[in-house]
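Heads up: the protein sequence lines correspond to chains A and B, in order. For the first sequence, this note's numbering gives the first residue as 30, with consecutive numbering after it. For the second sequence, this note's numbering gives the first residue as 30, with consecutive numbering after it.
2 protein chains.
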Amino acid sequence: MNLRQLRSLVGLADTDFSVSRAAARLNIVQPAVSQHLRQLEELIGAELFLRHGKRLVGLTEVGEQVLGYARRTLAEAENILAVGRDQTEAERGILRIGVTHTQARYVLPPVVRKFTRQYPDVELQLHQGTPAQLVDMAVNDKVDFAICTEALDEHPALTTIPCYRWNRCVIAPPEHPLLLRRPMTLDKLCEYPIITYVFGFTGGGRFRDAFGKLGLRPKVVLSAADTDVIKTYVREGMGIGIVARLAYSEAEDADLEMRDLSHLFPWEVTKIAYNKDKYLRTFQKNFIDAFQALSV
Amino acid sequence: MNLRQLRSLVGLADTDFSVSRAAARLNIVQPAVSQHLRQLEELIGAELFLRHGKRLVGLTEVGEQVLGYARRTLAEAENILAVGRDQTEAERGILRIGVTHTQARYVLPPVVRKFTRQYPDVELQLHQGTPAQLVDMAVNDKVDFAICTEALDEHPALTTIPCYRWNRCVIAPPEHPLLLRRPMTLDKLCEYPIITYVFGFTGGGRFRDAFGKLGLRPKVVLSAADTDVIKTYVREGMGIGIVARLAYSEAEDADLEMRDLSHLFPWEVTKIAYNKDKYLRTFQKNFIDAFQALSV
DNA sequence: CGTTCTTACGTGTGTCGTAACGATC
DNA sequence: GATCGTTACGACACACGTAAGAACG
Numbered sequence: 030m031n032l033r034q035l036r037s038l039v040g041l042a043d044t045d046f047s048v049s050r051a052a053a054r055l056n057i058v059q060p061a062v063s064q065h066l067r068q069l070e071e072l073i074g075a076e077l078f079l080r081h082g083k084r085l086v087g088l089t090e091v092g093e094q095v096l097g098y099a100r101r102t103l104a105e106a107e108n109i110l111a112v113g114r115d116q117t118e119a120e121r122g123i124l125r126i127g128v129t130h131t132q133a134r135y136v137l138p139p140v141v142r143k144f145t146r147q148y149p150d151v152e153l154q155l156h157q158g159t160p161a162q163l164v165d166m167a168v169n170d171k172v173d174f175a176i177c178t179e180a181l182d183e184h185p186a187l188t189t190i191p192c193y194r195w196n197r198c199v200i201a202p203p204e205h206p207l208l209l210r211r212p213m214t215l216d217k218l219c220e221y222p223i224i225t226y227v228f229g230f231t232g233g234g235r236f237r238d239a240f241g242k243l244g245l246r247p248k249v250v251l252s253a254a255d256t257d258v259i260k261t262y263v264r265e266g267m268g269i270g271i272v273a274r275l276a277y278s279e280a281e282d283a284d285l286e287m288r289d290l291s292h293l294f295p296w297e298v299t300k301i302a303y304n305k306d307k308y309l310r311t312f313q314k315n316f317i318d319a320f321q322a323l324s325v
Numbered sequence: 030m031n032l033r034q035l036r037s038l039v040g041l042a043d044t045d046f047s048v049s050r051a052a053a054r055l056n057i058v059q060p061a062v063s064q065h066l067r068q069l070e071e072l073i074g075a076e077l078f079l080r081h082g083k084r085l086v087g088l089t090e091v092g093e094q095v096l097g098y099a100r101r102t103l104a105e106a107e108n109i110l111a112v113g114r115d116q117t118e119a120e121r122g123i124l125r126i127g128v129t130h131t132q133a134r135y136v137l138p139p140v141v142r143k144f145t146r147q148y149p150d151v152e153l154q155l156h157q158g159t160p161a162q163l164v165d166m167a168v169n170d171k172v173d174f175a176i177c178t179e180a181l182d183e184h185p186a187l188t189t190i191p192c193y194r195w196n197r198c199v200i201a202p203p204e205h206p207l208l209l210r211r212p213m214t215l216d217k218l219c220e221y222p223i224i225t226y227v228f229g230f231t232g233g234g235r236f237r238d239a240f241g242k243l244g245l246r247p248k249v250v251l252s253a254a255d256t257d258v259i260k261t262y263v264r265e266g267m268g269i270g271i272v273a274r275l276a277y278s279e280a281e282d283a284d285l286e287m288r289d290l291s292h293l294f295p296w297e298v299t300k301i302a303y304n305k306d307k308y309l310r311t312f313q314k315n316f317i318d319a320f321q322a323l324s325v
């Protein structure tokens with residue numbers, strides 16, 4: 030058995046079982062991949078693939094098992110190579126971060142600025158997704174880290190580091206009647222149409238829970254995955270926006286009024302998570318440190 | 030990078046850093062191993078080994094890291110091969126079990142008998158050790174399972190399955206005065222010299238705890254790792270023996286009297302444990318099932 | 001002086017690429 | 001008929017084994 034053979038298997042599974050595309054991705058020719066797959070089947074002594082004629086269309090049960098172990102084998106081997114790169118080209122490489130829109134737009138910029146200055150030769154990739162997708166990407170090593178508030182600490186394969194706390198604020202056009210009413214309470218918020226994050230994003234169920242505990246039903250007229258969309262509709266007068274406090278910028282959002290709501294909602298904790306089995310390169314650790322430093 | 034290179038590295042670490050012995054174990058010649066090690070160092074781009082002249086004597090910090098990942102890579106690769114063997118020679122192979130003496134001597138025989146009848150071509154290896162050693166052997170894949178009462182469920186890398194409950198009994202020569210006294214209580218036991226298991230074996234700290242809770246101090250005059258040794262000294266009149274109830278056999282131990290003590294001590298649970306990351310071959314699963322069936 | 005590792009070199013295995021063939025949509 | 005996978009073959013590389021040399025105890 031060979032690492033190459035395993036790469037062909039994983040490549041095949043990652044390209045919808047197209048031998049040719051797998052070969053292209055692996056920078057070898059199709060017959061080589063075919064050979065690897067044949068050798069693996071021979072080694073295992075059982076059919077690994079479901080076929081339509083010559084075309085491979087899926088994996089048998091045994092094939093699934095082998096694929097799983099192959100992925101893990103390659104992941105561990107990749108760790109060894111990462112140790113190597115950390116020795117020979119410590120300041121060069123790729124850092125793949127999975128983030129939600131709000132993080133990428135409002136939180137990450139200063140960290141990214143600092144990091145790229147420190148590591149000009151590291152290519153920084155920002156992959157966006159829903160928290161659930163980010164977890165998946167981190168687990169399957171499509172990204173090196175995932176950064177978000179939801180879902181991260183539930184997955185057993187991830188190491189999760191809490192980074193900073195945040196809470197919500199309400200934003201509204203300056204003339205909005207809500208702004209005159211003090212103190213701000215949950216039931217007053219319920220009197221107006223609300224625009225906030227979609228469920229599963231940025232604060233998740235705890236937003237509704239806060240109202241539910243008091244028997245209140247907020248009128249959410251629109252929900253969006255990112256803060257910029259919410260702001261847009263608030264500007265249009267469609268309702269008041271309830272967003273992360275850190276997403277309100279005095280400079281950019283001078284045309285909107287903001288009131289802090291941290292006394293009304295539970296605090297949220299944004300975390301950074303990565304695969305437990307993964308070797309972290311020095312610059313990756315440094316990124317985590319830089320991100321954590323936000324909480325200070 | 031290559032699996033062979035990794036095997037050479039692991040082989041080296043497992044043979045006290047003797048290149049020649051590593052080669053012998055891997056069934057290749059020394060120069061091949063040397064080459065593998067050199068290639069690895071080249072790949073990583075850093076010294077992996079501590080040297081005295083030409084002789085390798087240990088690992089650098091980087092070397093330790095690489096060794097760790099190499100072990101894991103090979104373990105995952107081994108899982109793939111195990112899937113293969115399960116397909117091509119399902120009823121043939123080796124089953125390595127780590128056990129304590131008492132388990133091997135008194136509990137395992139019927140299971141082993143049943144298993145070897147079912148799988149005549151599986152070589153069964155019984156490795157003995159202390160519970161702590163058994164955990165180590167299971168974690169590092171020196172054995173496929175570990176069976177014992179202590180220490181197993183504490184290690185995060187192991188999957189632990191409880192198999193059966195047992196408790197203790199006292200054994201003594203027929204004429205021993207203790208045997209006349211009923212009901213049996215802990216303080217009566219304390220009146221006589223006691224022979225029982227050494228700490229860390231078979232029942233562990235809970236034995237002393239039972240006495241300690243009542244402020245009693247048992248007079249343990251001798252402790253041994255296995256029941257046969259204890260019985261021997263009981264026969265010599267050196268004291269009463271407190272052993273696992275299941276280790277008393279009416280047939281073999283007719284010259285000793287036995288009294289059940291399950292009302293005096295907490296119940297113990299014997300477990301079987303194996304590495305979480307390990308693929309279990311069919312016959313290995315069957316052994317576990319057969320062992321678990323004891324509890325019925 | 002034996003043991004241990006390294007270096008050098010030859011041979012055989014194996015892996016990839018090219019090219020031609022077969023099958024499927 | 002175009003795409004996709006398999007088969008066949010050749011060239012190159014690589015890995016192991018043999019043999020000789022260098023360092024260490």
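In this text, a Cβ means the ideal position worked out from N, Cα and C, and glycines have one as well.
Taking only beta-carbon positions, decide if residue i is within less than 8 Å of chain A.
| i | result |
| --- | --- |
| valine 39 of chain B | no |
| leucine 32 of chain B | yes |
| alanine 99 of chain B | yes |
| glutamate 105 of chain B | yes |
| threonine 261 of chain B | no |
When you compare the CB of residue i with every CB in chain B, is at least one pair closer than 8 Å?
| i | result |
| --- | --- |
| glutamine 64 of chain A | no |
| glycine 229 of chain A | no |
| threonine 189 of chain A | no |
| threonine 183 of chain A | The amino acid occupying residue 183 of chain A in the given sequence is glutamate; threonine does not appear at that position. False, the Cβ-Cβ gap to chain B never drops below 8 Å. |
| tyrosine 308 of chain A | yes |
| threonine 311 of chain A | no |
| threonine 102 of chain A | yes |
Just to make sure I have the definition right: I need the residues of chain B whose C-beta is within less than 7 Å of the C-beta of residue i. Which are they?
| i | result |
| --- | --- |
| valine 91 of chain A | Val112, Gln116 |
| glycine 74 of chain A | Gly113, Gln116, Thr117 |
| valine 95 of chain A | Ile109, Val112 |
Got a sec? Which residues, its chain only, sit under 7 Å from residue i by beta carbon, not counting five neighbours each side?
| i | result |
| --- | --- |
| isoleucine 301 of chain B | Phe174, Ile176, Ile190, Cys192, Ile317, Phe320 |
| threonine 131 of chain A | Thr231, Asp255, Thr256, Ala273, Ala276 |
| serine 63 of chain B | Val48 |
| glutamate 180 of chain B | Looking at the sequence provided, one finds alanine at residue 180 of chain B rather than glutamate. Result list for alanine 180 of chain B: Pro160, Ala161, Val164, in chain order. |
| aspartate 182 of chain A | Thr189, Lys300 |
| leucine 30 of chain B | Going by the sequence as given, residue 30 of chain B is methionine instead of leucine. Contacts found: Leu72. |
| alanine 186 of chain B | Val168, Asn304, Lys305 |
So residue i contacts chain B; which residues on that side make the cut at Cβ distance below 9 Å?
| i | result |
| --- | --- |
| arginine 121 of chain A | Here the premise fails: no neighbours, minimum Cβ distance about 12 Å. |
Since I believe residue j is in contact with residue i (beta carbons under 8 Å), could you give me their beta-carbon distance rounded to a whole number of angstroms?
| i | j | result |
| --- | --- | --- |
| valine 151 of chain B | arginine 121 of chain B | 7 Å |
| glycine 266 of chain B | proline 202 of chain B | 6 Å |
| arginine 310 of chain B | alanine 52 of chain B | About 29 Å; that fails the 8 Å criterion. |
| aspartate 4 of chain B | alanine 104 of chain B | The structure shown does not extend to residue 4 of chain B, since chain B is modelled only from 30 through 325, so no value can be given for it. |
| lysine 260 of chain B | aspartate 282 of chain B | 7 Å |
| valine 172 of chain A | isoleucine 126 of chain A | 6 Å |
| leucine 38 of chain A | valine 95 of chain A | 7 Å |
| leucine 69 of chain A | leucine 41 of chain A | So it is not a contact: roughly 10 Å between Cβ atoms. |
| leucine 290 of chain B | cysteine 198 of chain B | 5 Å |
| glutamine 154 of chain A | isoleucine 123 of chain A | 6 Å |
| asparagine 108 of chain B | tyrosine 148 of chain A | The pair is not a contact, with the Cβ atoms about 36 Å apart (cut-off 8 Å). |
| valine 58 of chain B | threonine 178 of chain B | About 46 Å; that fails the 8 Å criterion. |
Residues of chain A with CB closer than 7 Å to the CB of residue i, please, in chain order.
| i | result |
| --- | --- |
| glutamine 162 of chain B | Within chain A, no residue comes near glutamine 162 of chain B; the closest Cβ sits about 26 Å away, beyond 7 Å. |
Excluding the five sequence neighbours on either side, which residues of its own chain have a C-beta within less than 8 Å of the C-beta of residue i, listed in chain order?
| i | result |
| --- | --- |
| tyrosine 262 of chain A | Ile224, Leu251, Ala253, Gly268, Gly270 |
| arginine 214 of chain A | The question names arginine, yet the displayed sequence has threonine at residue 214 of chain A. Excluding residues within five positions, the ones whose Cβ falls inside 8 Å are Leu293. |
| threonine 89 of chain B | Ala75, Glu76, Leu77, Phe78, Leu79 |
| threonine 102 of chain B | Leu32, Leu35 |
For a test of your reading of the model: does the CB of residue i fall under 7 Å from any non-hydrogen atom of the ligand FAD? Yes or no.
| i | result |
| --- | --- |
| glutamate 70 of chain B | You won't find the ligand FAD in this model; it holds no ligand whatsoever. |
Which residues in the same chain as residue i place their Cβ atom closer than 6 Å to its Cβ, once the five residues preceding and following it in sequence are excluded?
| i | result |
| --- | --- |
| tryptophan 296 of chain B | Arg194, Asn196 |
| arginine 54 of chain B | Gly40 |
Would you be able to state if there are at least three C-beta pairs under 8 Å between the region 125–144 of chain A and the region 138–150 of chain B? no
Count Cβ pairs between the region 75–90 of chain B and the region 36–54 of chain B that sit closer than 8 Å; are there 3 or more? yes
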